[in-house]
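One structure is given here, and the rest of the page talks about it.
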Amino acid sequence: MLQEILQLTCEELTSEELTKASTADPIRDCGRAALALLQTDPDLCLQLAYQKLHDVPYRQVKTCWRRLHADSSLWKVVKITQESLGHDDSHERKASASETWIDEVVRLLDMTLILTGAPEREEVIELWFSALRSVTGGVDGTTPSLDVDSTQRPLKRAKTSHDQISITSFTSSADRLSVMPTLKCPLARVKEPSLSTFQKKLSDIEDHTPMIIEGAIQHWPALEERSWDNPEYLLKQTLGGRRLVPVEIGKSYTDEGWSQKIVTFKEFMKTYMIEARPESLRDDEAKFKPDQKGYLAQHDLFAQMPSLRADISIPDYCYCDPAPSPHLTNIKPVAKLSEPLLNAWFGPAGTTSPLHTDPYHNILAQVVGYKYVRLYAPAETEKLYPRDVNEDGVDMSNTSQVDLDDAMAVYPQIAWGETRGPSAQAEQNLGQREKDFEELFPNFKDAKYIEGVLGPGDCLYLPVGWWHYVRSLTPSFSVSFWFNWLKSRGGPSLHNHASGTIMRSAASQL
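The numbering used here applies: residue 8 is where the sequence shown begins, and numbers increase by one.
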C-alpha cells in the first residue's frame, strides 16, 4: 500500500497542471524559482514557506505559501519513505511500530495540516495516514500501549508499578461527578426540542436565551460504541498516539506564563490527562509535580483527523436561521458561514475558559465528563468590564477583565459548590480583597447570571454575544459547533485554519 501511495503522491506533485504556464493553481504565485526547487530541495522550500507563514498575520497569508508548505512536506515524506523501503518495489516490507521514519512522516504531515490546512492536499494526506494505520496496526492490529517509549523501542526491563499506566476510562470512579455543584440560578433544561421549535426560538430575537438540550446526541458513536472516554480507542485513531496536536499550557490565555506548543497526542494524554491525575502520582511525584494544565482547545481536530469526525454528527439545530440581533453592538460582524465551524475541547479537570463572548451562535456538545458553565446576557456587558486592545495590538474586547475565580473567592455568595478560586490565599484578608476588587470592578457584583452543568450527552445552546465562563469539573471532551445563517448547505468546506495554528488569536476562545 505504501508503494501505491508513493506513486499517487508523485503523480499529484508533478501533475501536468503544475507545469502549465497558464495554470490557475495558486502555488504558481510562489514563482518559478520556488517551484523548480520543490522536488530537488524541499527542505529549502519548506523553510521559505514557513517564513512566509510568519511574515504577516495569519489571515493575510497567501494561499500559495500554504500550498508550498504542504507540497514541500509531501516531497520530504516521499523521500523519507523511499529511503525506508530501500526503493525496492518487489520487497516492500511491513514497517514495525518502532521505526522512527514513521514518526517523522507523521510529524511532517501533521505540521502542515495544523499550520496551513494543506489546501488542495487534504485528501492525499489522509490517504497517507490510512496507509500508515495499516502499517502500524493502528486500526485492527494490537492495542497501543501507554507505557513510556513503547512506540520507540522494545521494552528492556519490567516496568515498576508506578511506570505502568493502565486505565480504561478518563473518567474513573474518582473522576465522576459525585456531588452536583450548588446552582443558585440554573439554566433551563429541555428534552430534545423539535427542529421547528428550535427555529421558532431563533426567529424571535427576544428568545435568544441559552438552554441545555438533553438527548440530542445520544446516537453519537463517540458516546458509547466508539467511546472517546476510552484512551486506547483514541490512541488507535491517532496512530498509536503519534499524531500531533496543539496544546495550550497554563490556566487561561489571559494569564502571564500561558503558552502553546505542539506535542504528540500520546504525550498530551500521558502528561496532562493521565500522569497528572492525583491517583497516578507517587507521594514524591505529587510533591514536585508542576501545577500546569494542558488543554487541547479550540482546534479543528476533525478536519485533521476524519476518523474522529465519523464518531459525531452536526446537530440539526445548527442549520436553523437565527434572526439578527440589534443589541450586540460589542460584537464585531463576521462572515456568513457555508457550514458550521467545529472545534474540539479536550483536557483534564480544572481547565478553564475565562469570561468572554463569541461572534457566532454555538451548540456546545459534551461527550466525556462534566463542565460547569456560567453565562451573562449581553445587557450585562458594562458590568463585566471588557478588555481593550492589548500591548500586542490584539483587540481583546470580547474578554472580561474580571477573573471569575478571583471574584468567587471575594464574593462567596456567587461561588458554586466548593470551588472558590485560589482558596488558601483568597481566604486571608477577605475584607481587604473585597475592597480592592470593588475599586477595580464596582458594578460586577450586580451582574445577573445563569449557570449549569453539562454531562455526557448534553448540549448547551449559547446565543451570539452571551458572556460565558467554562470550567471542567472532571476530565472532559467537548465539541463546539459555531453557526450563523448558512449561505449554502452544499457549499465548500470552510476549514477553520486560523484556529488550527499555534499562533491563533486569543480573542476567540471558548
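Even glycine gets a Cβ: it sits at the ideal position worked out from N, Cα and C.
- Task: Give the DSSP-derived three-state secondary structure of Gln225 in the structure shown.
- Result: For the purposes of this step, residue 225 is identified with residue 218 of the sequence shown, where counting begins at 1. Coil.
- Task: Report the three-state DSSP secondary structure of Cys466 (helix, strand or coil).
- Result: The residue labelled residue 466 in the question sits at position 459 within the sequence shown. The answer is strand: DSSP assigns Cys466 an E or B state.
- Task: Following the continuous alpha helix (DSSP H) through Phe136, name the residue where it begins and the one where it ends.
- Result: Walking along the sequence shown from the start, residue 136 turns up at place 129. Phe136 -> alpha helix (DSSP H) spans Glu129 to Thr143.
- Expected contact under 8 Å - CB spacing of Gly464 and Leu190 to nearest Å: The sequence position of residue 464 within the sequence shown is 457, counting from 1. The sequence position of residue 190 within the sequence shown is 183, counting from 1. Between Leu190 and Gly464 the Cβ distance is about 19 Å, and since that is not below 8 Å, they are no contact.
- Query: When DSSP labels each residue in this structure, what does Leu288 get in the three-state scheme?
  - Reply: Within the sequence shown, numbered from 1, the residue matching residue 288 stands at position 281. Below a pLDDT of 50, predicted positions are generally treated as unreliable, and Leu288, at 45, falls in that range; no measurement from the model is reported.
- Task: In the DSSP assignment, find the unbroken alpha helix (DSSP H) run with Arg5 in it and report its ends.
- Result: The chain is shown only over 8 to 517; residue 5 falls outside these bounds and no answer can be derived.
- For the stretch 312–357, which segments carrying the alpha helix (DSSP H) assignment without a break, of at least 4 residues, lie completely within its bounds, in sequence order? 313–316
- Query: Are Phe353 and Leu411 closer than 7 Å when you measure CB to CB?
  - Reply: Translated into positions along the sequence shown, residue 353 becomes position 346. Translated into positions along the sequence shown, residue 411 becomes position 404. No, the Cβ-Cβ distance between Phe353 and Leu411 is not below 7 Å.
- DSSP puts Met530 in a beta bridge; with which residues? Past the edges of the chain, shown from 8 to 517, lies residue 530, and the structure says nothing about it.
- Spatial neighbours of Val341 within its chain, please: CB distance less than 6 Å, with the 5 preceding and 5 following residues excluded, ordered by chain position. Residue mapping note: residue 341 aligns to position 334 of the sequence shown, counting from 1. Cβ-Cβ distances below 6 Å link Val341 to Pro366 in the same chain, with the five nearest sequence neighbours on each side left out; the list follows chain order.
- Query: Among Leu447, Phe444, Leu202 and Leu480, which residue has its Cα nearest to the Cα of Val460?
  - Reply: Locating residue 460 in the sequence shown gives position 453, counting from the first residue. When each option's Cα is compared against that of Val460, the closest is Leu480.
- Determine, using beta carbons only, whether Pro329 and Leu202 come nearer to each other than 7 Å. As a working mapping, residue 329 is identified with position 322 in the sequence shown. As a working mapping, residue 202 is identified with position 195 in the sequence shown. Contact flag unset, no.
- Going by alpha carbons, who is nearest to Tyr392 out of Gly376, Pro449 and Ile338? The count along the sequence shown starts at 1 and reaches residue 392 at position 385. Closest by alpha carbon: Pro449.
- Message: If I measure Cβ to Cβ from Val84 and keep anything under 6 Å in the same chain, skipping five residues before and after, which residues do I get?
- Response: Along the sequence shown, one-based indexing puts residue 84 at 77. Cβ within range, chain order: Val112 and Leu115.
- Item | Inter-residue spacing [alpha-carbon to alpha-carbon] between Lys243 and Thr216 | As a first step, residue 243 must be located in the sequence shown, where it is residue number 236. As a first step, residue 216 must be located in the sequence shown, where it is residue number 209. Lys243 and Thr216 have their C-alpha atoms roughly 40 Å apart.
- Counted within 10 angstroms of its Cβ, other Cβ atoms place Asp395 as buried (16 or more) or exposed: Taking the first residue of the sequence shown as 1, we reach residue 395 at position 388. Exposed is the call here.
- Message: Which residue marks the beginning of the alpha helix (DSSP H) containing Pro49, and which one marks its end?
- Response: Taking the first residue of the sequence shown as position 1, residue 49 is located at position 42. Per DSSP, Pro49 belongs to the alpha helix (DSSP H) from Pro49 to Asp62.
- Message: My assumption, with CB atoms under 8 Å, is that Lys452 sits in contact with Tyr418. Please give the rounded CB distance.
- Response: Translated into positions along the sequence shown, residue 452 becomes position 445. Translated into positions along the sequence shown, residue 418 becomes position 411. Contact holds; Cβ gap of about 6 Å.
- Query: How about Lys343: is its Cβ closer than 6 Å to a heavy atom in the ligand GDP?
  - Reply: Inclusion of the ligand GDP in the displayed structure is not the case, the ligand content being empty and no account of it being possible.
- How about Tyr456 and Cys192: do their beta carbons lie closer than 7 Å? By one-based count along the sequence shown, residue 456 stands at place 449. By one-based count along the sequence shown, residue 192 stands at place 185. For Tyr456 and Cys192, yes; Cβs fall inside 7 Å.
- When the Cα atoms are used, what is the spatial distance from Lys198 to Thr364? By one-based count along the sequence shown, residue 198 stands at place 191. By one-based count along the sequence shown, residue 364 stands at place 357. Using only the alpha carbons, I get a separation of about 26 Å.
- Buried or exposed for His226, please, with buried defined as at least 16 other CB atoms from any protein chain shown within 10 angstroms of its CB. Against the sequence shown, residue 226 aligns to sequence position 219. Looking at its Cβ environment, which holds fewer than 16 other Cβ atoms inside 10 Å, His226 is exposed.
- Item | First through last residue of the alpha helix (DSSP H) which encompasses Trp82 | Within the sequence shown, the letter at position 75 stands for residue 82. Element bounds for Trp82: Thr70 to Leu92.
- So the alpha helix (DSSP H) Ala416 belongs to, where does it begin and stop? Reading the sequence shown from its first residue, position 409 is the one you call residue 416. It spans Leu411 to Val417 - the alpha helix (DSSP H) in which Ala416 sits, taken as one unbroken run.
- Continuous alpha helix (DSSP H) stretch holding Phe444: start and end: Within the sequence shown, residue 444 is the residue found at index 437, counting from 1. Residue range Leu437 to Leu447 is occupied by the alpha helix (DSSP H) that includes Phe444.
- Between Ser360 and Ser259, what straight-line distance do the alpha-carbon atoms span, to the nearest angstrom? Within the sequence shown, residue 360 is the residue found at index 353, counting from 1. Within the sequence shown, residue 259 is the residue found at index 252, counting from 1. Rounded to whole angstroms, Ser360 to Ser259 spans 6 Å at the Cα level.
- With Pro253 as the anchor, note down where its beta strand (DSSP E) starts and where it stops. In the sequence shown, counting from the first residue as 1, residue 253 sits at position 246. Looking at the DSSP string, the run of the beta strand (DSSP E) that includes Pro253 is Leu251 to Ile256.
- Task: Could you check if Ser79 is buried or exposed, using at least 16 other CB atoms within 10 Å of its CB as the buried criterion?
- Result: Counted from its first residue, the sequence shown places residue 79 at position 72. Buried, because 16 or more other Cβ atoms sit within 10 Å of the Cβ of Ser79.
- Message: Closest to Asp110 by C-alpha separation, out of Ala422, Gln10, Trp135 and Asp211, would be which residue?
- Response: Here residue 110 refers to the residue found at position 103 of the sequence shown. Checked all of Ala422, Gln10, Trp135 and Asp211; the closest Cα to Asp110 is Trp135.
- Message: Using a Cβ-Cβ cutoff of less than 8 Å, which residues in the same chain neighbour Asp211 once the five nearest sequence positions on both sides are dropped?
- Response: On the sequence shown, residue 211 is found 204 positions in, with the first residue counted as 1. Ala330.
- Query: If you compare alpha carbons, which of Phe488, Val471 and Trp492 is closest to Asp214?
  - Reply: Stepping through the sequence shown from its first residue, residue 214 is reached at position 207. Among Phe488, Val471 and Trp492, the Cα nearest to that of Asp214 is on Val471.
- For Met187, does the count of other Cβ atoms within 10 angstroms reach 16, so buried, or fall short, so exposed? Residue 187 sits at position 180 when you count from the first residue of the sequence shown. Exposed, because fewer than 16 other Cβ atoms sit within 10 Å of the Cβ of Met187.
- Message: Taking DSSP's pairing of strands, which residues face Arg2 in a bridge?
- Response: Since the first residue of the chain shown is 8 and the last is 517, residue 2 is not available in this structure.
- Task: Leaving aside the five residues before and after Ser234 along the sequence, list all residues of the same chain whose C-beta is less than 7 Å from its C-beta, in chain order.
- Result: For the purposes of this step, residue 234 is taken as the residue at position 227 of the sequence shown. Excluding positions up to five away in sequence, the list reads Tyr240.
- Task: In the DSSP assignment, find the unbroken beta strand (DSSP E) run with Lys191 in it and report its ends.
- Result: For the purposes of this step, residue 191 is taken as residue 184 along the sequence shown, with counting starting at 1. No beta strand (DSSP E) contains Lys191, which DSSP labels as neither H nor E.
- Message: Please state the DSSP three-state secondary structure of Pro361.
- Response: On the sequence shown, residue 361 is found 354 positions in, with the first residue counted as 1. In this structure, DSSP gives Pro361 an extended state, which the three-state scheme calls strand.
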